[in-house]
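Heads up, the thing below is written out as C-alpha cells.
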Amino acid sequence: MRVLGIDPGLRNLGWGVIDVAGARIAHVANGICHSDGAEGSLAERLRSLHAQLTEVVRLYAPETAAVEHTFVNKDAVATLKLGQARGIALLVPAQAGIEVGEYAPNAVKKTVVGVGHAAKVQIDHMVRLHLPGVKVAGPDAADALAVAICHAHHVQSSTRLQDALRRAAG
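Okay, here's the thing in C-alpha cells:
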C-alpha cells in the first residue's frame, strides 16, 4: 500500500510518501510545496499549491492519503487561510479518486512518538527511526511523513479488526 501524508500549510505544505507491506514501512519520497506570500493573491497561492500537490500525486500514485487537522489558534484570519490550504490538501487526492483519512495533530504525535504533545524535534527523530536513512526536506515534510505513518497504522489496525470480525461471523 502506498500512502501519501500531507501537513497542510499556506506557505509550506509538507508531503511524504511511504510504502507499507505488512509491518514494514519504507520511505518513497518527501518534500515541501512552497507558496511565497509575496508571489501573489491568496487565490494564486492556492492555485500554486494545488498544481504542486497534483504533480506529487501524479508522480507517486498513492493508493490512500491522510491529512492533518488544522490547529486552531488565536488569529482567526490565519486559521481561515490555513483552512483553505487544508482544503487543497483534501481536494487533490479526492480528485485523483483517493480516499483521504484525517487525523488530529495529537493523534499523529501519539501514534508516531508515543505521546500526544510531542515537540517537532521529537517527531523528526521518530520519523527517522521509522524510516532509517531518510533525508527529510524539512519540519513540514517530517510532519507529513508522520501523518502517513499514522494513517498506515490506523488502516492496518482497521483491516485486522475487519478480518477478525469476518472470521468470527463465520
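Its first residue numbered 7, the sequence shown is counted upward by one per residue in our numbering.
Glycine included, every Cβ here is placed at the ideal spot set by N, Cα and C.
Selected residue, minimal CA-CA separation from residue i, among the options
i: residue 13; options: 176, 156, 175, 120; result: 156
i: residue 39; options: 52, 175, 114; result: 52
i: residue 118; options: 133, 75, 161; result: 133
i: residue 97; options: 26, 128, 55, 115; result: 55
i: residue 113; options: 99, 129, 103; result: 129
i: residue 69; options: 9, 57, 58, 17; result: 9
i: residue 65; options: 148, 125, 140, 23; result: 23
i: residue 4; options: 146, 138, 99; result: Here the chain covers residues 7 to 176 and nothing more, so residue 4 does not appear.
i: residue 137; options: 33, 61, 16; result: 33
i: residue 58; options: 41, 46, 48, 72; result: 41
i: residue 36; options: 150, 174, 160; result: 150
i: residue 46; options: 79, 154, 67, 17; result: 17
i: residue 125; options: 62, 83, 148; result: 148
i: residue 102; options: 176, 25, 67; result: 67
i: residue 62; options: 20, 135, 74; result: 20
i: residue 160; options: 107, 122, 121, 15; result: 107
Range covered by the beta strand (DSSP E) that runs through residue i
i: residue 8; result: 8-13
Residue i - DSSP class collapsed to helix/strand/coil
i: residue 142; result: coil
i: residue 151; result: helix
i: residue 137; result: coil
i: residue 167; result: At residue 167, the pLDDT of 49 sits below 50, so the modelled position is not reliable and the matter cannot be decided from this model.
N- and C-terminal bounds of the alpha helix (DSSP H) containing residue i
i: residue 123; result: Segment: none, residue 123 is in no alpha helix (DSSP H) and carries neither H nor E.
Per DSSP, cross-strand counterpart(s) of residue i
i: residue 20; result: 13, 38
i: residue 25; result: 8, 32
Counting only runs that start and end within the stretch 27-112, where is the alpha helix (DSSP H) found for 4 or more residues in a row?
Within the stretch 27-112, the complete alpha helix (DSSP H) runs of at least 4 residues are 48-66, 82-101.
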